[in-house]
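Here's the structure, in structure tokens; my notes come after.
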Amino acid sequence: MFKRTLTLVLSLCLILSIGTVALANESESIDVIVNDSAIALDSPVLNENGTTYVSYLPVLLALYPSAEALWDNGIIRITAPGLTAVIDPSKPYVEANGRYLYLPGGVRVAENGGYLLPSRTLALILGASVAWDPIGNDVVLTSGEAPIPSAKETYNADDLYWLSHIINAESGNQPLEGKIAVGNVVLNRVNDQGPYFPDTIKGVIFQKNQFSPASSGSIYKEPNAESVIAAKLCLEGANVVGNALYFHNPSIARNAWAARNRTYVATIGGHAFYA
Numbered sequence: 001m002f003k004r005t006l007t008l009v010l011s012l013c014l015i016l017s018i019g020t021v022a023l024a025n026e027s028e029s030i031d032v033i034v035n036d037s038a039i040a041l042d043s044p045v046l047n048e049n050g051t052t053y054v055s056y057l058p059v060l061l062a063l064y065p066s067a068e069a070l071w072d073n074g075i076i077r078i079t080a081p082g083l084t085a086v087i088d089p090s091k092p093y094v095e096a097n098g099r100y101l102y103l104p105g106g107v108r109v110a111e112n113g114g115y116l117l118p119s120r121t122l123a124l125i126l127g128a129s130v131a132w133d134p135i136g137n138d139v140v141l142t143s144g145e146a147p148i149p150s151a152k153e154t155y156n157a158d159d160l161y162w163l164s165h166i167i168n169a170e171s172g173n174q175p176l177e178g179k180i181a182v183g184n185v186v187l188n189r190v191n192d193q194g195p196y197f198p199d200t201i202k203g204v205i206f207q208k209n210q211f212s213p214a215s216s217g218s219i220y221k222e223p224n225a226e227s228v229i230a231a232k233l234c235l236e237g238a239n240v241v242g243n244a245l246y247f248h249n250p251s252i253a254r255n256a257w258a259a260r261n262r263t264y265v266a267t268i269g270g271h272a273f274y275a
């Protein structure tokens with residue numbers, strides 16, 4: 001297969017590293033190496049905004065030859081030793097062993113109809129390591145010991161409980177991105193290094209005069225399914241509002257303290273967010 005010049009390879013490597021240039025093109029010159037062997041791809045590798053997208057099926061079968069991927073009413077259901085996963089091309093996430101991994105750019109569909117995932121996300125799901133080889137112009141994956149650890153092994157049950165409940169209470173009727181944004185505010189407060197917020201999710205939620213559902217009792221309402229998904233996405237690192245620490249509903253509180261005193265970040269659904 002034709003290889004690009006070293007200069008172009010190094011330039012591409014830089015782009016993949018810093019993510020500042022959108023390539024948004026399929027590249028037949030990029031090979032995928034699995035355990036030291038090049039594999040046949042059903043769709044070319046795609047580079048877009050610094051993310052490398054790889055066709056999931058050839059990689060899956062190279063790492064787990066007995067794996068199955070079944071098409072079920074528009075959803076791909078994967079089974080392999082130690083792994084169950086679901087790819088819904090209409091959703092901005094992938095479910096794997098009960099965990100939810102955010103895909104800001106969504107699932108990519110190749111011109112020939114193949115489905116592509118970010119190489120790092122695919123490697124995480126399959127328990128593999130992934131690296132970029134600038135000399136060979138290759139995406140290199142190496143088997144690990146097992147696929148992605150399960151949700152039960154990964155999420156702290158109390159953290160998931162409280163985060164999903166506050167997301168539901170504050171934004172249960174909002175789009176998924178709005179739910180994630182509320183979860184981001186809670187986690188940003190937990191991780192804030194200043195003296196103003198508690199360092200646990202429950203502590204942040206029940207801090208005096210901060211979240212009205214904690215005092216009204218609506219915090220205890222069973223969260224809807226998407227609020228639980230949003231909480232898991234947040235715990236996996238999904239972030240749509242950066243370092244925002246506050247939010248409010250402008251239609252209810254137009255003159256909120258955050259709007260007057262903090263830096264505006266974004267409006268998502270019915271909430272405005274501030275850092």
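In this note's numbering, the protein residues as written are 1 to 275. Note that CB positions come from ideal geometry on N, CA and C, so glycine has one too.
query, result
"What's the gap between the Cα of residue 145 and the Cα of residue 226?", "31 Å"
"Using only CA atoms, which one of 65, 140, 234, 36 lies nearest to residue 162?", "234"
"Terminal residues of the continuous alpha helix (DSSP H) containing residue 170?", "157-171"
"With respect to the beta strand (DSSP E) encompassing residue 228, which residues constitute its N-terminal and C-terminal limits?", "Segment 225-235 is the alpha helix (DSSP H) holding residue 228; no beta strand (DSSP E) there."
"Comparing alpha-carbon positions, which option in 29, 48, 236, 132 lies nearest residue 156?", "236"
"With residue 299 and residue 125 assumed to form a contact (beta carbons below 8 Å), what rounded beta-carbon distance in angstroms separates them?", "One cannot answer for residue 299 here, as it falls past the ends of the chain, which runs 1 to 275."
"Leaving out five residues before and five after residue 92 in sequence, what residues of the same chain have Cβ atoms less than 6 Å from its Cβ?", "103, 106"
"Out of 132, 89, 68, 258, which one is the CA nearest neighbour of residue 185?", "258"
"Where does residue 90 sit, in a helix, a strand or coil, going by DSSP?", "coil"
"State the Cα-Cα distance for the pair residue 188 and residue 87, rounded to the nearest angstrom.", "29 Å"
"Taking buried to mean at least 16 other C-beta atoms within 10 Å of its own C-beta, is residue 112 buried or exposed?", "exposed"
"Just to confirm, are residue 40 and residue 60 a CB contact at a threshold of 8 Å?", "no"
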